[in-house]
Amino acid sequence: MDLRDRESQQRLTESLRSLREELDIREDFPEDVLREAAEAVAASRLPDADLRDLPFLTIDPPGSTDLDQAVHLARSAGSGRSDDPGQGPGAGYEVWYAIADVPLFVRAGGAVDAEARLRGQTLYAPDGRISLHPETISEDAASLLPDQDRPAFVWHFDLDAGAVVRTVTVRRATVRSRRQLTYAEVQAAIDAGTADEQLLLLREIGLRRIQQELDRGGASLNLPRQEITHDGESYAIITEPSLPCEDWNAQISLMTGMAAARMMIDGGIGILRTMPEPDDGALGKFRRQSEALEHPWPPDMPYGAFLRTLDVADPRQLALMHAAASLFRGAGYTAFDGAVPDAVVQSAIAAPYAHTTAPLRRLVDRFVLVTCAALCAGEEVPEWVRAALPDLNALMASSNQTASRLDSGAMDAVQAALLSNRIGEAFSAVVLQGSPPAVEDAPGRQAPRLSGTVQVTEPPLEAKCYGELVAGERVTVVLLEADIARRRLRFEVKPTDAPQRDLR
């Protein structure tokens, strides 16, 4: 879905600029922040521990320059080929996971630290990225770019043959990534049978960790990804399912976040990413939705396992996956220093968990890494970390709200621009969220403007739609409004007996 109309492009540019202003997004870094960042980079020294002999690699979206993570995998004693993991007492895997050492470049209480607390995270918009840290840190000195010596927090895992963690440590060390790969490159090599041992081990360990997630009762919401792209001339929206290798790679990060959480719980200090279990009402509603969409959720199957059976290429199952979003609510951060709180579990992961592996792009990870490194070394957690813990939940909540509003507002604006010249046209769609039951607000008079949410087939987009809608049904909808300035897109369901015209 591509936008090349010049007038619409201009109005879209204005709308996106207005969105940034509405959200009061901090774009340019103040001079004192840039100056302090440059001084920190110039004064930095690499850690004494040297792990440059390990051939780390990174896997990221194409064009990424803020590289938080690099991984190296190996098979431990007692095992053989990639298809023969071995079952001896020493069989298993070793995982080294290097995470960018952002704290080395950010002085506690300094200008860069203060600015990062105001931003909270890197924001991604169609018209450009708004970084958490100055580029000299986030895209150069701290980024785990290939063929560059870099400081990192290196997590070392010893796993058994089922990829269950036996031991874990974390320390600062100097690393050197050898390769920068994209997810598409990794998946293509796997599918073609040309993948090397590192990528085969990523698949092997990832699949075993996914099985552990299912065994724990964890759950993933695997919706097709929508991404806005801009080639310098025009905008486009790309919709595509995630690749299997993305899930395998994510399992390494999840494993690290779980290990960090356990370290902090055992140490009595830290900050966790928590989410409550879905309540009985939400689970009951989802079960009824699964029955209504003719893909019933078996009573003896955990909901996470059920979600992994859904094929989002099927309209009804896609609608059901969207409905499952109601089971992933209430996530937040829980800080503690002393008594460990009762609620420490992230329910979708089905284990305690901490955001740990993206310090270039997310504020809280910097504090988690320093905390874990201190605990692992048997040292006191720095006072600047302790002092910050009570504030991090509010800082991250505010930043997450801004990021969510930016994402949804930008998508709404681009979708409106793409369809701004097609008012009155008809489109095929699938109902994702049905309209509520009709009610009467006066005798013989039905309350107006029932609405729900539809997934338009082509171009692929979600939008509000007026009319009586049943989740999972295929319908024809007519575009009523595509307002770029107000970032609003509205459809109306076309009655089945209406004449067919201009169906797209």
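For the sequence shown, the numbering used here gives the first residue as 363, with consecutive numbering after it.
Just so it is clear, CB atoms sit at the ideal spot from N, CA and C, and this is done for glycine as well.
query	result
Out of Ser377, Arg368 and Glu369, which has the shortest C-alpha to C-alpha gap to alanine 775?	Ser377
With leucine 794 as the anchor, note down where its alpha helix (DSSP H) starts and where it stops.	Run containing leucine 794: none in the alpha helix (DSSP H); it sits in the beta strand (DSSP E), 788 to 795.
Whole alpha helix (DSSP H) runs in the stretch 518 to 564 with 4 or more residues, listed along the chain?	545 to 554
Excluding the 5 residues flanking alanine 644 on each side, which residues of the same chain have their C-beta closer than 7 Å to its C-beta?	Ser688 and Leu689
If you measure between the beta carbons of alanine 551 and leucine 561, is that distance less than 7 Å?	yes
So, for alanine 847: in the same chain, excluding its five sequence neighbours on each side, which residues have a beta-carbon less than 6 Å away from its beta-carbon?	Ser377
What is the rounded straight-line gap between the Cα of aspartate 445 and the Cα of glutamate 559?	Here the model assigns aspartate 445 a pLDDT of 48, short of 50, so the residue's position is not dependable, and the following value carries that caveat. Approximately 11 Å, taken between the alpha carbons.
Taking only three categories from DSSP, how would you classify serine 370?	helix
Which residue wins for smallest C-alpha separation from arginine 534, given the options Gln483, Ala462 and Pro586?	Ala462
Taking just the CA atoms, how far does glutamate 820 sit from leucine 680?	15 Å
Distance check for valine 433 and leucine 419, CA to CA, integer angstroms please.	6 Å
I'd like the span of the beta strand (DSSP E) that includes leucine 435, first residue to last.	431 to 437
Taking DSSP as the reference, what is the three-state secondary structure of tryptophan 746?	helix
May I ask which residues mark the beginning and end of the beta strand (DSSP E) holding aspartate 814?	Before going further, note that residue 814 is glycine rather than aspartate in the sequence given. Element bounds for glycine 814: 813 to 818.
State the start and end residues of the unbroken alpha helix (DSSP H) segment that holds alanine 473.	473 to 481
Could you give the distance in angstroms between the alpha-carbon of aspartate 430 and the alpha-carbon of glycine 666?	28 Å
Bridge partners of lysine 856, per DSSP?	Lysine 856 pairs with nothing; no bridge assigned.
Which full runs of the alpha helix (DSSP H) of 4+ residues lie inside the stretch 368 to 414, going along the chain?	368 to 384 and 393 to 405
Would you call the stretch 488 to 497 and the stretch 740 to 755 touching, i.e. three or more CB-CB distances under 8 Å?	no
Quick one: complete alpha helix (DSSP H) runs, 4+ long, within the stretch 635 to 712?	642 to 654, 665 to 669 and 677 to 685
Buried or exposed, going by whether 16 or more other CB atoms sit within 10 Å of the CB of aspartate 394?	exposed
What residue does the beta strand (DSSP E) around valine 311 start on, and which one ends it?	Absent from the structure is residue 311, since the part of the chain shown begins at 363 and ends at 866.
Measuring straight from C-alpha to C-alpha, what distance separates alanine 772 and aspartate 522?	45 Å
Quick one, are the C-beta atoms of arginine 635 and arginine 538 less than 7 Å apart?	no
Can you give me the Cβ contacts of glutamate 611 inside the same chain, cut-off strictly under 6 Å, excluding the 5 residues immediately before and after it?	Here the sequence assigns asparagine to residue 611, which means glutamate is not the residue at that position. Same-chain partners within the cutoff: Ile421.
Would the stretch 657 to 676 count as touching the stretch 584 to 598 if we require 3 or more Cβ pairs under 8 Å?	yes
If I measure Cβ to Cβ from threonine 696 and keep anything under 6 Å in the same chain, skipping five residues before and after, which residues do I get?	Leu634, Thr636 and Pro703
Could you spell out where the alpha helix (DSSP H) holding threonine 420 opens and where it closes?	Not the alpha helix (DSSP H): threonine 420 falls in the beta strand (DSSP E), residues 418 to 422.
Just how far apart, CA to CA, sit alanine 470 and tryptophan 746?	6 Å
Just tell me which of Ala756, Leu851 and Thr718 has its CA closest to the CA of serine 770.	Leu851
Please name the residue, chosen from Ala504, Gly555 and His592, that lies closest to alanine 487 on a Cα-to-Cα basis.	His592
Checking the sheet assignment: what are the DSSP bridge partners for aspartate 845?	Arg850
Can you give the Cα-Cα distance for alanine 675 and leucine 831, rounded to whole angstroms?	20 Å
Would you please state the rounded distance, in angstroms, between the beta carbons of tyrosine 455 and alanine 473? I believe it to be under 8 Å.	Between alanine 473 and tyrosine 455 the Cβ distance is about 42 Å, and since that is not below 8 Å, they are no contact.
Using CA atoms only, rank isn't needed, just tell me which of Gly482, Ile600, Ala478 and Met620 is closest to glutamate 529.	As written in the sequence, residue 529 is threonine, which differs from the glutamate given in the question. Considering only alpha carbons, the answer is Met620.
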